[in-house]
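Just below is one structure, and these are the notes that go with it.
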Amino acid sequence: MATRPESLTAADVMSVSEVAELLHVPKSTVADWARRGIVPSVKIGRRRLYVRRQTEALLLHAEAS
Numbered sequence: 028m029a030t031r032p033e034s035l036t037a038a039d040v041m042s043v044s045e046v047a048e049l050l051h052v053p054k055s056t057v058a059d060w061a062r063r064g065i066v067p068s069v070k071i072g073r074r075r076l077y078v079r080r081q082t083e084a085l086l087l088h089a090e091a092s
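Sequential numbering of the sequence shown, starting at 28, is according to the working numbering.
Put into C-alpha cells, the structure is as follows:
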C-alpha cells in the first residue's frame with residue numbers, strides 16, 4: 028500500500044536567509060553547503076528551498092555528535 032506524501036505549508040519551507048539565520052552562518056555558506064549536499068534542499072528553477080524539519084534535524088543531529 029502506497030503512502031501519501033505529507034503536505035507542506037509555507038511555514039514548512041525556508042529560504043536561504045532563514046536557514047542562514049537559524050544556523051548563524053552567512054547565506055553564501057548555506058548556498059555552498061546546499062550545492063555540496065551538506066544541507067538538504069530542493070532546487071526549483073533558480074530558487075533553492077529548504078524544508079524546515081530536515082534543516083532542524085540536521086542541526087539536532089550535529090548537536091548530538
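Where a beta carbon is used, it is the ideal one built from N, C-alpha and C, also for glycine. Only a predicted model underlies this, so the values are computations on that prediction, with no experimental measurement involved.
Between the C-alpha atoms of residue i and residue j, what's the straight-line distance to the nearest angstrom?
| i | j | result |
| --- | --- | --- |
| I65 | T36 | 24 Å |
| R62 | E83 | 18 Å |
| S34 | R74 | 20 Å |
| A89 | T56 | 16 Å |
Comparing C-alpha positions only, which one of the options sits nearest to residue i?
| i | options | result |
| --- | --- | --- |
| W60 | I71, L76 and G72 | L76 |
| R80 | R74, A91, H51 and S68 | S68 |
| L85 | K54, K70 and L49 | L49 |
| I71 | S34, S42 and E33 | S42 |
Enumerate in chain order the residues of its own chain whose CB-to-CB distance from residue i is below 7 Å, with the five nearest sequence positions on each side excluded.
| i | result |
| --- | --- |
| E45 | none |
Sorted by chain position, which residues of the same chain lie with C-beta nearer than 8 Å to residue i's C-beta, five sequence neighbours on each side aside?
| i | result |
| --- | --- |
| V40 | L76, Y77, V78 and R79 |
Pull the bridge partners of residue i from the DSSP assignment, please.
| i | result |
| --- | --- |
| L76 | V69 |
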